[in-house]
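Here is the structure we will look at.
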Amino acid sequence: AGGGGGSGGAPAMRQAVLDVGGRATNIVTAAYADRILVIITQRGKIGTFIDARADDRPDGPPSFTIRTLLGAREERVFELYARQLVSRMAATTARPLLLGIALDDTSADCARAVLARLDEPDLAVWK
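Using the numbering used here, read the sequence shown as starting at 12 and increasing by one per residue.
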C-alpha cells in the first residue's frame, strides 16, 4: 500500500471524511513521484498552500524547512500541521510535502484528530 506516482502512472490517491466536533473535515492524500500532497479542508476549498521538507542533516537532529507558498502566513497552526506531517513522513520518504489546508477549527483537539487520522494506513500514502 502507498508508494505510487511512478513514471507515467497515476498517483496513489486516498480520501476520507472525518467528523471533528460536528464539522466535516475532508482529507485527501496523494503520492506523486516528486512529492506528497495532503489536502485538509472544512471549507470545501484550499486557503493556504505550504511546502515542507526534511533538511538533509545526517549528523544532526532532524530539521525541517516550512514555507507558506500561498495564503495566510499568520496561521502558525497550519505550519504546525506541516511540521508534524513532514516529520512523520521523513522516516519512510525523502519527498517533500505540499499541504493544502483550510480549517475553521484551529484547536489542538482538531489537530490531534486530523493528524491521528492521517497516520492510519489507508491515508498514509507515504508509508
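All residues carry an ideal CB built from backbone N, CA and C; glycine is no exception.
Source: prediction; values computed, not measured.
Residue range of the beta strand (DSSP E) that residue i falls in?
i	result
ASP62	59-65
How about residue i and residue j: are their beta carbons less than 9 Å apart?
i	j	result
GLU86	THR52	no
ALA23	ALA41	yes
ILE47	PRO107	yes
ALA122	TYR92	yes
VAL49	ASP120	no
Between which two residues does the alpha helix (DSSP H) harbouring residue i extend?
i	result
ALA105	Looking at the DSSP string, ALA105 is not in any alpha helix (DSSP H), and its letter there is neither H nor E.
LEU129	119-130
My output table needs one value for residue i: the three-state DSSP class, helix, strand or coil.
i	result
ALA21	coil
ALA135	coil
LEU114	coil
- Which ranges does the alpha helix (DSSP H) cover as unbroken runs of at least 4 residues, wholly within the region 26-102, from first to last along the chain? 87-100
- Item | Segment contact flag, the region 110-130 with the region 59-74, C-beta cutoff 8 Å, min 3 pairs | yes
- Query: Any chance the region 95-105 sits against the region 124-135, with 3 or more Cβ pairs inside 8 Å?
  - Reply: yes
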